[in-house]
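Colleague: The sequence shown runs contiguously to residue 304 in numbering that gives the first Met the number 0.
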Amino acid sequence: MRILELFCGIGGLAAAIDGTGSMVTCAMDHDPAVLATYRHNHPEQQISRIDLSRVTPWQLATGRADLWWLSPPCQPYSVRGNRLDLQDPRSASLLRIMEVLERLPKEKLPPAIALENVPGFFQSQARERLTDILTARGYDLKEQLLCPTTLGVPMRRERYYLAASIQPLRTLQCRQRPQQIRPLSNYLDRRLDDDTPKELLLAKEDLARFAQGMSILDPDDQSAVATCFAASYGKTLMHSGAFLSCRQGARHFTPMEIARLLGLPGDFSFPPGLPLRRQWHQLGNSLSVDAVRSVLSLLPGFLPQ
Ligand SMILES: C[S@@+](CC[C@H](N)C(=O)[O-])C[C@H]1O[C@@H](n2cnc3c(N)ncnc32)[C@H](O)[C@@H]1O
Numbered sequence: 000m001r002i003l004e005l006f007c008g009i010g011g012l013a014a015a016i017d018g019t020g021s022m023v024t025c026a027m028d029h030d031p032a033v034l035a036t037y038r039h040n041h042p043e044q045q046i047s048r049i050d051l052s053r054v055t056p057w058q059l060a061t062g063r064a065d066l067w068w069l070s071p072p073c074q075p076y077s078v079r080g081n082r083l084d085l086q087d088p089r090s091a092s093l094l095r096i097m098e099v100l101e102r103l104p105k106e107k108l109p110p111a112i113a114l115e116n117v118p119g120f121f122q123s124q125a126r127e128r129l130t131d132i133l134t135a136r137g138y139d140l141k142e143q144l145l146c147p148t149t150l151g152v153p154m155r156r157e158r159y160y161l162a163a164s165i166q167p168l169r170t171l172q173c174r175q176r177p178q179q180i181r182p183l184s185n186y187l188d189r190r191l192d193d194d195t196p197k198e199l200l201l202a203k204e205d206l207a208r209f210a211q212g213m214s215i216l217d218p219d220d221q222s223a224v225a226t227c228f229a230a231s232y233g234k235t236l237m238h239s240g241a242f243l244s245c246r247q248g249a250r251h252f253t254p255m256e257i258a259r260l261l262g263l264p265g266d267f268s269f270p271p272g273l274p275l276r277r278q279w280h281q282l283g284n285s286l287s288v289d290a291v292r293s294v295l296s297l298l299p300g301f302l303p304q
């Protein structure tokens, strides 16, 4: 299967299809920093730096992809972004793609489309418009909120997912029962327990001031579940993600620990020299690879269920 990865970021979708026989025809994003990380991990991959609010039908349709995967900006639909929805200028790129989907001749439409966003997207005008267009163009749709915790991952990251297919979508037989959550310790760098690098540690004053409102987990707690890591992790302490208690007090999760929780492959890495905060930022915008696989399994011809 050939996939056009739109708003590709650091390549969460590319990681999800690794080893499945599917391929990304082109990965598109406007941010050179995330594209550098994408290229670092997928050097052979065709990548395009493009402002998708100006994308042409030709640019989207030319690779004749079987699936367009979209992870558009979520700020227009999130509480933090003030929920301006279609009035938010950051919706322009999704609006443009909707326009193309509305006008493209039927034979040029991709056989399947999938989209990921924050849960607030469910109530948005953007979602209403998109689902209206896809239904009018003959797609079968399934929408769901999915959290990696139901797939056994000890990290919350509930997201809205849409799967759309010209052929009838597959029905869910095996998705029924939530899986048992794996121990958080499976994802941690235990060598850091006694010797935590300074840049990961929380300042004593911050701990004294904010510890009450923060999620600080015991790395040995078998039932610990990390809160969602946001792009602001490393910049703000509250509501940006979880922390770990350690001998020196408390520490941040390392980028690689978060990458593991997101399901990125073991050899995932960042371009040398990328500051820690930028690494956290890029990961905070990425997606749960396990959840993506689960969504892809609904599309005929993609992954086994
Ligand atoms: C939620 S993130 C998606 C992250 C991606 N799924 C990943 O695995 O890293 C949204 C992405 O959309 C990109 N983006 C936002 N506006 C854009 C635009 N107008 N044109 C192209 N890319 C855009 C951002 O740079 C960001 O990488």
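We put the beta carbon where it would ideally sit given N, CA and C, even for glycine.
1) Please output, in chain order, the residues near ligand 1 using a CB cut-off of less than 7 Å to any non-hydrogen atom of the ligand.
2) State yes or no: is the C-beta of Pro-118 within less than 8 Å of the C-beta of Asp-139?
3) By the DSSP assignment, the beta strand (DSSP E) with Asp-28 in it spans what residues?
4) In angstroms with no decimal places, state the Cα-to-Cα distance between Met-255 and Pro-104.
5) Would you tell me roughly how many angstroms separate the C-alpha atoms of Met-27 and Ser-21, rounded to the nearest one?
6) From the DSSP output, in three-state form, read off Gly-283 for me.
7) Quick one: what's got a C-beta closer than 7 Å to Leu-206's C-beta in the same chain, skipping five residues either side?
8) Between Ala-64, Lys-234, Gln-211 and Ile-16, which has its C-alpha nearest Glu-198's C-alpha?
9) Can Pro-299 and Ser-77 be called in contact, C-beta distance under 8 Å?
10) Buried or exposed for Leu-83, please, with buried defined as at least 16 other CB atoms from any protein chain shown within 10 angstroms of its CB.
11) For Phe-267 and Phe-209, I'd like the C-alpha separation in whole angstroms.
12) Who are the Cβ neighbours of Glu-4 in its own chain at under 8 Å, not counting the five residues just before and after it?
13) Going by alpha carbons, who is nearest to Pro-75 out of Leu-187, Ala-64, Thr-149 and Asp-87?
14) Tell me the DSSP secondary structure of Gln-124 in three-state form.
15) Please determine, among Arg-181, Arg-169 and Asn-40, the residue with the shortest C-alpha to C-alpha distance to Val-152.
16) For the alpha helix (DSSP H) holding Asn-40, just list the boundary residues, first then last.
17) Which of helix, strand or coil does DSSP assign to Gln-143?
18) Taking DSSP's pairing of strands, which residues face Gly-248 in a bridge?
19) Leu-108: beta carbon under 7 Å from a heavy atom of ligand 2?
20) With distances taken Cα to Cα, identify the nearest neighbour of Ala-162 among Asp-193, Thr-130 and Tyr-186.
21) Relative to the alpha-carbon of His-238, which residue among Arg-246, Thr-226, Thr-170 and Ser-244 has its alpha-carbon at the smallest distance?
22) Mind reading off the beta-carbon distance from Ile-132 to Met-97? Whole number of angstroms is fine, and I expect it under 8 Å.
23) If you measure between the beta carbons of Ile-112 and Asp-65, is that distance less than 8 Å?
24) Consult DSSP for Ile-46 and reduce its assignment to one of helix, strand or coil.
25) Provide the residue(s) that pair with Trp-68 in DSSP beta bridges, ordered along the chain.
26) I'd like to check one pair, Leu-59 with Val-33: are the Cβ atoms closer than 8 Å?
27) Tell me the DSSP bridge mates of Arg-158?
28) Please confirm if the region 33-43 is in contact with the region 269-280, defined as three or more CB-CB distances below 8 Å between the two stretches.
29) Counting only the same chain and skipping the five closest in sequence on each side, list residues whose C-beta sits under 8 Å from that of Arg-246.
30) Whose C-alpha, out of Pro-31, Thr-55 and Asp-289, is nearest the C-alpha of Gln-178?
31) On the DSSP bridge list, what partners appear for Tyr-232?
Modeller: In short:
1) Phe-6, Cys-7, Gly-8, Ile-9, Gly-10, Gly-11, Leu-12, Met-27, Asp-28, His-29, Asp-30, Val-33, Ile-49, Asp-50, Leu-51, Ser-52, Ser-70, Pro-71, Pro-72, Cys-73, Arg-89, Ala-91, Ser-92, Glu-115, Gln-281, Asn-284, Ser-285 and Leu-286
2) Along the sequence shown, read from residue 1 onward, the residue named residue 118 stands at position 119. Along the sequence shown, read from residue 1 onward, the residue named residue 139 stands at position 140. The answer is no: Cβ separation not under 8 Å.
3) For the purposes of this step, residue 28 is taken as residue 29 along the sequence shown, with counting starting at 1. It spans 22-28 - the beta strand (DSSP E) in which Asp-28 sits, taken as one unbroken run.
4) Here residue 255 is taken as the residue at index 256 of the sequence shown, counted from 1. Here residue 104 is taken as the residue at index 105 of the sequence shown, counted from 1. Approximately 44 Å, taken between the alpha carbons.
5) Numbered from 1 along the sequence shown, position 28 holds the residue referred to as residue 27. Numbered from 1 along the sequence shown, position 22 holds the residue referred to as residue 21. Straight-line Cα distance between these residues: approximately 17 Å.
6) Here residue 283 refers to the residue found at position 284 of the sequence shown. Of the three classes helix, strand and coil, the one that applies to Gly-283 here is helix, per DSSP.
7) Within the sequence shown, numbered from 1, the residue matching residue 206 stands at position 207. Hits under 7 Å: Gly-248 and Ala-249.
8) Working through the sequence shown from its first residue, we reach residue 198 at position 199. Comparing Cα positions, the closest option is Lys-234.
9) Along the sequence shown, one-based indexing puts residue 299 at 300. Along the sequence shown, one-based indexing puts residue 77 at 78. No.
10) Walking along the sequence shown from the start, residue 83 turns up at place 84. The residue is exposed, with fewer than 16 neighbouring Cβ atoms inside 10 Å.
11) By 1-based counting over the sequence shown, the position of residue 267 is 268. By 1-based counting over the sequence shown, the position of residue 209 is 210. The straight-line gap from Cα to Cα measures roughly 32 Å.
12) One-based indexing of the sequence shown puts residue 4 at position 5. So the qualifying residues of the chain are Gly-10, Leu-12, Ala-13, Val-23, Cys-25, Ala-26, Met-27 and Trp-68.
13) Taking the sequence shown and counting its residues from 1, the one referred to as residue 75 is at position 76. When only C-alpha atoms are compared, the closest one is Asp-87.
14) Reading the sequence shown from its first residue, position 125 is the one you call residue 124. Helix.
15) Start at 1 with the first residue of the sequence shown, and residue 152 comes out as number 153. When each option's Cα is compared against that of Val-152, the closest is Arg-181.
16) On the sequence shown, residue 40 is found 41 positions in, with the first residue counted as 1. It spans 31-40 - the alpha helix (DSSP H) in which Asn-40 sits, taken as one unbroken run.
17) Taking the sequence shown and counting its residues from 1, the one referred to as residue 143 is at position 144. It is a strand residue.
18) On the sequence shown, position 249 is the one that residue 248 refers to. Beta-bridge pairing links Gly-248 to Cys-245.
19) Ligand 2 is absent from the structure shown, which contains only ligand 1.
20) For this step, residue 162 is matched to residue 163 along the sequence shown. Out of Asp-193, Thr-130 and Tyr-186, Thr-130 has the C-alpha closest to the C-alpha of Ala-162.
21) Here residue 238 refers to the residue found at position 239 when the sequence shown is read from its first residue. When each option's Cα is compared against that of His-238, the closest is Thr-226.
22) In the sequence shown, counting from the first residue as 1, residue 132 sits at position 133. In the sequence shown, counting from the first residue as 1, residue 97 sits at position 98. Yes, Ile-132 and Met-97 are in contact; Cβ-Cβ is about 6 Å, under 8 Å.
23) Residue mapping note: residue 112 aligns to position 113 of the sequence shown, counting from 1. Residue mapping note: residue 65 aligns to position 66 of the sequence shown, counting from 1. Not a contact, by the Cβ cut-off of 8 Å.
24) Translated into positions along the sequence shown, residue 46 becomes position 47. Looking at Ile-46 - three-state DSSP - the assignment turns out to be strand.
25) Translated into positions along the sequence shown, residue 68 becomes position 69. Paired residue(s): Glu-4 and Ala-113.
26) Translated into the one-based positions of the sequence shown, residue 33 becomes position 34. Translated into the one-based positions of the sequence shown, residue 59 becomes position 60. In this structure, Leu-59 does not lie closer than 8 Å to Val-33 by Cβ.
27) Within the sequence shown, the letter at position 159 stands for residue 158. DSSP, once it has assigned bridges, lists Leu-145 as partnering Arg-158.
28) yes
29) On the sequence shown, residue 246 is found 247 positions in, with the first residue counted as 1. The residues are Asp-192, Asp-193 and Thr-195.
30) Your numbering for residue 178 matches position 179 in the sequence shown. It is Asp-289.
31) Mapped onto the sequence shown, residue 232 falls at position 233. DSSP lists Thr-235 as partners of Tyr-232.
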